[in-house]
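Numbering (full-length UniProt numbering), first residue to last: 1 to 407.
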DNA sequence: CGCGGACCTTAATA
DNA sequence: ATATTAAGGTCCG
């Protein structure tokens with residue numbers, strides 16, 4: 001029940017960015033900045049300060065302790081089970097690589113990355129369960145992060161096991177493929193507001209539960225990035241189009257209903273450990289046109305050839321973890337973080353403290369004068385939207401609106 | 001191989 | 001107030 005901790009700086013991991021940037025869709029944040037999610041049979045909770053990541057696992061039903069092992073299980077084996085939360089955290093958050101070093105590497109190779117990344121440090125590429133990633137990203141087509149999250153919540157509440165409660169709210173884990181392979185599922189999901197994705201989810205569940213061998217999905221994983229344990233085998237040499245295992249996994253996934261090139265790449269990148277997978281969605285297509293000279297001549301529209309060319313270009317630029325670098329730029333392009341580009345985030349943070357005077361706010365803003373001028377056009381472009389957002393969304397203090405309009 | 005339309009829902013935008 | 005658009009696309013002809 002007690003919290004444990006790992007030393008992690010905010011530049012190595014920023015939970016608030018990583019857990020909101022559209023990689024995963026099941027984390028919930030409570031009042032006091034605690035993120036929680038039902039994962040591997042427990043409710044995992046995370047929070048962080050400037051120097052440490054705090055984590056806690058609450059297991060169901062047994063006084064907040066891990067399940068009692070059957071007496072037949074040797075205690076030595078059980079010890080591993082009991083203490084695997086740290087491993088789970090390290091693995092899920094992909095804490096192995098030095099993110100500062102990776103950012104340096106990507107920045108030295110790419111001026112655009114160097115320009116955009118400083119406002120979006122600590123974006124980690126989560127190593128999620130492949131099945132969860134598959135369903136999550138099938139839901140993502142023509143959709144937004146809020147609704148995707150709501151859909152995943154409904155799916156788990158309807159079909160997944162309840163792991164426990166926090167703040168008087170139930171936490172359900174992901175249902176298994178066989179739980180969704182019943183013919184009634186499609187109509188039910190449609191009734192729950194999944195739209196045309198209901199059929200995709202049902203058909204994909206049938207494929208994985210009934211058509212493929214058990215373990216098929218995980219067999220597509222990067223052997224250098226196994227679910228548990230350490231590296232089993234080499235993933236082979238890097239090529240412009242990615243390693244062989246990645247290409248195979250991508251091609252296999254395409255056979256599933258509701259899985260096109262973009263969703264397949266998301267599953268490869270965030271569920272199967274293929275760091276070179278580069279999902280090209282509307283955001284990345286915009287980025288490729290705006291910052292990397294795509295959108296003309298041969299690559300006027302986002303055809304399959306253009307899609308592949310963009311991935312190849314980014315792999316050539318950023319290397320084996322190109323998909324991770326892509327996630328950083330994708331995050332920088334997300335609407336929910338757009339205010340970060342306007343320095344309004346400083347105002348937000350100051351506002352939370354409630355008792356600061358305007359001189360403080362001005363100081364915060366002035367500190368980013370250089371950034372502001374550099375992206376002045378973008379600020380102009382988004383300022384109007386932001387201001388409108390403030391008026392229509394939540395009641396905002398006059399002070400904040402005033403500051404915004406003065407940027 | 002590339003194009004255009006349909007496809008579910010919802011909330012912001014015009 | 002009501003129509004249109006956009007939200008991490010895919011499928012089909």
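Heads up, the beta-carbon is just placed ideally off N, CA and C, and yes, glycines get one too.
Query raised in the report: Where residue 165 and residue 45 are concerned, what is the direct C-alpha to C-alpha distance, given to the nearest angstrom?
Result: 12 Å
Requested in this report: Hey, could you find the ends of the alpha helix (DSSP H) residue 261 is sitting in?
Outcome: 261–270
Requested in this report: Let me know the secondary structure DSSP gives residue 39 once reduced to three states.
Outcome: strand
Query raised in the report: When you compare only the Cα positions, how much space is there between residue 160 and residue 173?
Result: In this structure, the straight-line span from the alpha carbon of residue 160 to that of residue 173 is close to 5 Å.
Report task. Would you tell me roughly how many angstroms separate the C-alpha atoms of residue 28 and residue 14, rounded to the nearest one? Result -> Straight across, the Cα-Cα distance linking residue 28 with residue 14 is about 15 Å.
**Report entry** For residue 301 and residue 312, the rounded distance between their alpha carbons
**Finding:** 16 Å
Query raised in the report: Mind checking whether residue 329 and residue 113 have CB atoms under 8 Å apart?
Result: The Cβ atoms of residue 329 and residue 113 sit closer than 8 Å to each other.
Query raised in the report: Skipping 5 residues on each side, what residues in its chain have a beta carbon closer than 7 Å to that of residue 331?
Result: Cβ within range, chain order: 17, 21, 120, 123 and 337.
Query - Segment limits, alpha helix (DSSP H) that includes residue 313 - result: 304–318
Query raised in the report: Taking the runs of the alpha helix (DSSP H) that are 4 residues or longer, which of them lie wholly in the region 183–262?
Result: You should have 184–191, 197–206, 216–219 and 244–253.
Report task. Please confirm if the region 249–257 is in contact with the region 202–222, defined as three or more CB-CB distances below 8 Å between the two stretches. Result -> Contact annotation: the region 249–257 touches the region 202–222, with at least three C-beta pairs closer than 8 Å.
Report task. Would you check if the distance between the CB atom of residue 226 and the CB atom of residue 235 is smaller than 8 Å? Result -> no
Query - Spatial neighbours of residue 269 in its chain, beta-carbon cut-off 6 Å, leaving aside the 5 residues before and after - result: Hits under 6 Å: 277 and 323.
Query raised in the report: Using DSSP with H/G/I as helix, E/B as strand and the rest coil, what is residue 288?
Result: In this structure, residue 288 counts as helix in the three-state DSSP scheme.
Query raised in the report: Can we say the region 306–321 touches the region 88–96, given the rule of at least three CB pairs closer than 8 Å?
Result: no
Query raised in the report: According to DSSP, which residues form a beta bridge with residue 166?
Result: 169
Query - Sequence ranges, alpha helix (DSSP H) only - wholly within the region 112–168, length at least 4 - result: Counting only runs of 4 or more, we get 130–138 and 145–159.
Query - Backbone secondary structure at residue 58 - three-state DSSP - result: strand
Query - Supposed close pair residue 171, residue 38 - CB separation, criterion 8 Å - result: 4 Å
Requested in this report: Return the Cβ separation of residue 321 and residue 19 in integer angstroms, given the expectation that the two are a contact with Cβ distance under 8 Å.
Outcome: About 20 Å; that fails the 8 Å criterion.
Requested in this report: Please report the residue range of the beta strand (DSSP E) in which residue 6 lies.
Outcome: 4–7
Query - Contact set for residue 237: own chain, Cβ-Cβ below 6 Å, skip 5 residues either direction - result: none
Query raised in the report: Which of helix, strand or coil does DSSP assign to residue 29?
Result: Here DSSP, grouped into helix, strand and coil, assigns residue 29 to strand.
Query raised in the report: Can you list, in chain order, the residues of its chain whose CB lies under 6 Å from that of residue 3, leaving out five sequence neighbours each side?
Result: Same-chain partners within the cutoff: 54 and 56.
Query - Span of the alpha helix (DSSP H), counted from its first residue to its last, around residue 105 - result: 99–109
**Report entry** Sequence-distant residues of the same chain with beta carbon closer than 8 Å to residue 10, five excluded per side
**Finding:** 48, 50, 121 and 122
**Report entry** residue 25 and residue 41 closer than 8 Å at C-beta
**Finding:** No. Outside cutoff.
Requested in this report: Would you please state the rounded distance, in angstroms, between the beta carbons of residue 280 and residue 293? I believe it to be under 8 Å.
Outcome: Actually they are not in contact, since the Cβ atoms of residue 280 and residue 293 sit about 15 Å apart, beyond 8 Å.
Query - Per-residue burial, residue 61 [other beta carbons within 10 Å of its own, 16 or more giving buried] - result: Under this definition residue 61 is an exposed residue.
Query raised in the report: For residue 93, which of helix, strand or coil comes out of DSSP?
Result: coil
Query raised in the report: What do you get for residue 275, buried or exposed, if any count of 16 or more other CB atoms within 10 angstroms of its CB means buried?
Result: It is buried - the Cβ of residue 275 has at least 16 other Cβ atoms within 10 Å.
**Report entry** Rounded distance between the beta-carbons of residue 148 and residue 139, thought under 8 Å
**Finding:** 5 Å
Query raised in the report: Excluding sequence positions up to five away, which residues of its chain have a Cβ less than 7 Å from the Cβ of residue 247?
Result: 241.
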